[in-house]
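In our numbering, the protein residues as written are 5 to 501. By construction, the Cβ of each residue, glycine as well, lies at the ideal position given by its N, Cα and C atoms. Keep in mind it's a predicted model, so treat the numbers as computed, not measured. All remarks here apply to the structure that follows.
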Ligand code: NAD
């Protein structure tokens, strides 16, 4: 049995860890490797290596940092096939979907390649006689990232390229369910010329997370995962004086108006609900059918959900792979059952699906629930699986009110031919990322990603300009030249003249 080790100070190392966790192949249900689970002392070792590396990396030139980012970006392109296979093997998603997350993550590296521009400060000449003011930003020091299983490459890439390009050193604690991609990335950074200790990977569970949250030498923590853990991370890490960004879970609604092209909308809803087996923070899990759109929309969705090809992610031609664990599979099955018990109509039932030759895999087929109401558990809970719940409303105002009453506010979309309805929707809805005839409106890397309400704890979205702000702090310098001469010191508070 292969053991996945930590990556500390430029090398694979078991450090002092003795505990391990199994890593499964979700398509077979079999354990394929094990991963080390760090103890607090292992986190100390990684933070010490990152702290030592910061002494020189924090003073490295913008040119050096940028050149390494360009080289890293090229390696991500060259190794895309291999990375996609690694992701698919442990997560279960289909290879082309894995490529998609690599490309979207790589775009953050491309943004980091232009960090020199993003880090430009301001300068004001002659704010008072012989006095100028300029501002600049400096890195924080050692920063950490704690990431979820569902995007083992993309979500860490939302963090470390910007942290590193702005001069910080990084300790990543990836999900213990699909840890291999992070070690592969560490090797690519080393090949790109990143000095030892600038990027470290510590594998683990709550023990490692708690050690990061309490560590006195970590200046900031970026977290992406479920809302209860995001709240916990935010509370504990801010209590120990850290800067924290904590992105949580989601329940994303797509509103379909009667004037939409229903075939187009249903195509996009199907892909956005069942792609990656619904395990995306921007997956559409609720379709809100307005007025007379309802019956026709559900009819098309039924046909399309039944056409989704489910099987191992490694087989080209499959649309959807398994979910990540047996526990996730059971959660999905229970959610469909509770929907049925509480009065929803099960239009498509994915519970009984088996994939020939992969009977032990964590497969569950697409499910479509109609006439779901806001009191039902299938509506209230984040199922994080291939279940699309249809709620019916009479007006666009009702749709907006429904979304605004939901505790989550990550993404949402509207399908319509009406510019007026779309404009009102985007202005009134309390959600961070909005699509108009676009079902998964993940912002480009030069914007920032983040939801509202329980989908983002605290106030810092991730990557793009907000990422640069998060990983740096500002200085403003007021200087006077010449330093001798006619000015006399006064006891009154200084003002300009
Ligand atoms: P999770 O919250 O279970 O785990 C996330 C990270 O926290 C992992 O590294 C895990 O090891 C750690 N962790 C888990 N339990 C912990 C505990 N009790 N104490 C300390 N650390 C703990 O999330 P997941 O199941 O890996 O990922 C799915 C969730 O992530 C979904 O809720 C999804 O919506 C969310 N997500 C959100 C975004 C976003 O941008 N808002 C993006 C991707 C995923």
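When C-beta atoms of the segment 345-362 are compared with those of the segment 115-127, fewer than three pairs fall below 8 Å, so the two segments do not count as touching. Listed in chain order, the beta strand (DSSP E) elements of length 3 or more contained wholly in the segment 275-353 are 288-294 and 349-352.
For residue 180, the three-state secondary structure derived from DSSP is coil. Residue 393 places its beta carbon 8 Å or farther from that of residue 406. The nearest non-hydrogen atom of the ligand NAD is 7 Å or more from the C-beta of residue 416. Taking one beta carbon from each stretch, the segment 186-197 and the segment 66-85 have 3 or more pairs nearer than 8 Å; the two touch.
In this structure, residue 92 sits away from residue 321, with a CB-CB distance that is not shorter than 8 Å. C-alpha of residue 48 to C-alpha of residue 352: approximately 50 Å in a straight line. At the C-beta level, residue 54 and residue 146 come within 8 Å of one another. If only uninterrupted alpha helix (DSSP H) runs of at least 4 residues are considered, those enclosed by the segment 351-390 are 381-384. Taking a C-beta distance under 8 Å as the contact criterion, residue 364 and residue 33 qualify as a contact pair.
Relative to the ligand NAD, the nearest heavy atom lies less than 7 Å away from the CB of residue 152.
In the three-state reduction of the DSSP assignment, residue 392 falls in the strand class. Boundaries of the beta strand (DSSP E) harbouring residue 26: 24-29, taken from the DSSP string. Using a cutoff of 7 Å, the CB of residue 53 does not count as near the ligand NAD, since none of the ligand's heavy atoms is closer than that. With a cutoff of 7 Å, residue 254 counts as near the ligand NAD, since its C-beta is closer than that to a heavy atom of the ligand. Only residues of its own chain outside the window of five on either side were considered, and among them 350, 353, 354, 355, 371, 373, 382 and 391 have a CB closer than 8 Å to the CB of residue 340, listed in chain order.
Distances taken from the Cβ of residue 176 to the heavy atoms of the ligand NAD include none shorter than 7 Å.
Per DSSP, the beta bridge partners of residue 412 are 457.
In the assembly as shown, residue 5 is an exposed residue. Its beta-carbon has fewer than 16 other beta-carbons within 10 Å. In this structure, the straight-line span from the alpha carbon of residue 468 to that of residue 62 is close to 20 Å.
For residue 209, the shortest C-beta to heavy atom distance toward the ligand NAD is below 7 Å. In the structure shown, residue 486 adopts coil according to DSSP, grouped into three states. Taking one beta carbon from each stretch, the segment 158-169 and the segment 20-27 have fewer than 3 pairs nearer than 8 Å; the two do not touch. For residue 239, the enclosing alpha helix (DSSP H) starts and ends at 231-243. CA-CA distance, residue 274 to residue 304, rounds to 10 Å. No residue range can be given for residue 206, since it is assigned to no beta strand (DSSP E) and is classified by DSSP as neither H nor E. Take the alpha-carbon of residue 65 and the one of residue 140: they are about 14 Å apart.
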